[in-house]
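Notes to accompany the following structure.
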Amino acid sequence: MPLPSHTPAATPFDPASATIAVVTFNRSSLLTRLLASIVAMDPKPGHVVIVDNASTDDTTAVVESFRERIGTEIVYTRLDTNTGGSGGFSEGMRIAYDLGSTWIWMMDDDVEVLPDGLARMGAWAPRFKSIQGRRYDYDGSEFYWQYRIAEPLAIPIPFAPAGFDESGYKEMNSGCFEGMFIHRDIVAQIGLPDPRFFIYWDDQMYGWLASRKTTAVIVDEFVLRRTREIKQWDMGIRHMNASSNAYRYYIMRNRGYIKQYYRSLGVYNPVLFGLGTALTFGKEIIRLLFVERTVRGTSNLFRGIRDGRRIAKDRSWKPMPPLPRLQP
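Position 70 of the sequence shown, counting from 1, maps to 70 under the UniProt record's numbering, and the rest follow consecutively.
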């Protein structure tokens with residue numbers, strides 16, 4: 001498929017300078033699909049880093065089965081414990097950075113890469129240093145990702161315009177580890193993703209931090225496809241996905257970490273941030289009622305609020321440190 005006309009004229013982009021960093025946990029069948037899609041990529045990245053969050057299935061065997069046929073180097077790390085998506089992506093980015101990668105492309109194991117995905121992302125590399133591509137949903141529809149946050153509230157704007165103009169990109173102030181394509185210079189400045197989040201809000205925070213250092217964009221390029229079906233509530237122009245008790249807990253608990261980051265950067269407004277927390281709580285109640293059709297699970301929200309308050313009161317807390325700017 002030829003690149004669209006709005007794609008900027010590319011100065012030379014070396015695919016070997018990019019690393020795909022994948023986090024997986026007990027989903028070897030999904031990981032198989034992702035690795036098979038990388039086999040079909042043209043061009044391919046210089047490395048594929050796979051961080052295994054202490055899987056107990058046949059993940060290791062699956063990875064080994066692809067070493068000879070994937071067409072690029074696999075760097076596989078199996079962690080001793082499950083550190084959540086946050087810990088996995090932090091470790092994956094650290095490995096990719098230490099490999100000297102200029103570009104790091106983050107993704108979960110429940111997507112597959114379109115064959116020309118790296119070429120499409122690389123075409124934007126001369127202009128931007130924090131780039132988000134688009135993806136197709138499980139059913140082939142165009143997935144809408146909430147690419148902007150209301151900064152004082154620290155929550156996504158659910159109805160930010162979905163369309164693109166002739167420029168082919170829109171500025172964003174958020175991030176999603178399901179497709180974030182980021183330059184090592186930005187990683188050096190803001191440090192690694194914060195593993196303390198465990199799950200949820202970690203990529204939004206990381207994208208927000210990146211947008212404070214560079215012009216971050218989402219581009220009108222479909223580069224990924226989701227391979228896992230998730231229960232949804234169809235709201236017409238938007239969808240709301242099902243969640244879990246663990247997600248409900250961390251959604252509320254991790255507001256404490258966001259509050260600490262906001263304070264450290266001098267943007268914390270207690271009234272507006274509190275409103276954002278209340279809206280987040282309300283959204284999770286709606287998710288329980290209309291997506292999962294239950295009232296069970298609210299205790300996890302309250303536990304998260306309680307533990308988030310403890311985190312916000314921790315005077316010893318510090319943000320993730322910057323990294324040494326070594327040349328690749």
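C-beta: ideal position from N, C-alpha, C; glycine also.
Check                                                                                                                                                                            : Outcome
Alpha carbon to alpha carbon, what distance is there between Leu-288 and Ala-312?                                                                                                : 26 Å
At the level of alpha carbons, what is the spacing between Thr-77 and Val-49?                                                                                                    : 8 Å
Could you pull out every unbroken beta strand (DSSP E) segment of at least 3 residues lying fully inside the stretch 68-140, listed in chain order?                              : 73-78, 103-108, 111-113, 130-136
From Pro-321 to Tyr-138, what distance separates their C-alpha atoms?                                                                                                            : 37 Å
So what's Asp-203 in DSSP terms, helix, strand or just coil?                                                                                                                     : helix
Once the 5 residues before and after residue 408 are set aside, which same chain residues still bring their CB inside 7 Å of it?                                                 : Here the chain has residues from 1 to 328 only, and residue 408 is not among them.
Which residue wins for smallest C-alpha separation from residue 365, given the options Ser-243, Thr-83, Thr-280, His-47?                                                         : Since the first and last residues shown for the chain are 1 and 328, residue 365 lies out of range.
What's the call for Ala-162, buried or exposed, on a 16-neighbour Cβ count within 10 Å?                                                                                          : exposed
Mind checking Gly-175: buried by the 16 CB within 10 Å criterion, or exposed?                                                                                                    : buried
Give me, in chain order, the residues of the same chain whose beta-carbon lies closer than 8 Å to that of Val-295; leave out the 5 immediate sequence neighbours on both sides.  : Leu-288, Leu-289
Near Ile-258, what residues of its chain come up, given a Cβ to Cβ distance below 7 Å and the 5 sequence neighbours on each side ignored?                                        : Ala-154, Trp-201, Met-205
Let's see if you can read the secondary structure: which residues bound the beta strand (DSSP E) around Asp-307?                                                                 : Not the beta strand (DSSP E): Asp-307 falls in the alpha helix (DSSP H), residues 298-312.
Leaving aside the five residues before and after Pro-152 along the sequence, list all residues of the same chain whose C-beta is less than 8 Å from its C-beta, in chain order.  : Val-267, Asn-269, Leu-272, Phe-273, Gly-276
Measure how close the beta-carbons of Met-106 and Ala-21 come, nearest whole angstrom, since I'm counting them as under 8 Å.                                                     : 5 Å
Tell me whether the beta-carbon of Ser-90 lies closer than 8 Å to the beta-carbon of Pro-15.                                                                                     : no
For residue 331 and Phe-177, what's the separation of their Cα atoms in angstroms?                                                                                               : The displayed coordinates of the chain run from 1 to 328. Any statement about residue 331 would go beyond what the structure contains.
Skipping 5 residues on each side, what residues in its chain have a beta carbon closer than 7 Å to that of Leu-301?                                                              : Arg-248, Met-252, Phe-281, Glu-284
Rounded to whole angstroms, how far is the Cβ of Leu-114 from the Cβ of Leu-224, which I believe are closer than 8 Å?                                                            : 7 Å
Compare the Cα-Cα distances from Trp-208 to each of Thr-60, Asp-109, Leu-265 and report the closest residue.                                                                     : Leu-265
For the stretch 21-54, which segments carrying the alpha helix (DSSP H) assignment without a break, of at least 4 residues, lie completely within its bounds, in sequence order? : 28-39
Looking at Tyr-97 and Arg-228, is the spacing between their C-beta atoms short of 8 Å?                                                                                           : no
According to the neighbour-count rule (16 or more other Cβ atoms, all chains shown, within 10 Å of its Cβ), is Pro-45 buried or exposed?                                         : buried
Kindly give me the distance between the Cβ atoms of Ala-36 and Thr-102, rounded to whole angstroms, as I take these residues to be in contact under 8 Å.                         : Wrong, their Cβ atoms sit about 26 Å apart, outside the cutoff.
Counting only the same chain and skipping the five closest in sequence on each side, list residues whose C-beta sits under 6 Å from that of Arg-325.                             : Ala-188
Measuring alpha carbon to alpha carbon, tell me which of Arg-94, Met-180, Arg-135, Phe-159 ends up nearest Phe-128.                                                              : Met-180
Val-23 and Ile-70 - do their beta-carbons sit closer together than 8 Å?                                                                                                          : no
Locate the alpha helix (DSSP H) running through Ile-157, then write down its first and last residues.                                                                            : No alpha helix (DSSP H) contains Ile-157, which DSSP labels as neither H nor E.
Beta-carbon separation of Val-111 and Arg-135 under 8 Å?                                                                                                                         : yes
By a C-beta neighbour count over all protein chains shown, 10 Å radius and 16 as the cutoff for buried, is Arg-120 buried or exposed?                                            : buried
Around the C-beta of Arg-226, are 16 or more other C-beta atoms found within 10 angstroms, so that it is buried, or is it exposed?                                               : buried
Taking its Cβ as the centre, do 16 or more other Cβ atoms sit within 10 Å of Ala-61, making it buried, or is it exposed?                                                         : exposed
Expressed to the nearest angstrom, what Euclidean distance is found between the alpha-carbon atoms of Trp-317 and Gly-256?                                                       : 11 Å
Quick one: give me the first and last residue of the beta strand (DSSP E) that Met-180 is part of.                                                                               : 180-183
The alpha helix (DSSP H) with Lys-213 in it runs from where to where?                                                                                                            : Lys-213 -> no alpha helix (DSSP H), and no H or E assigned at all.
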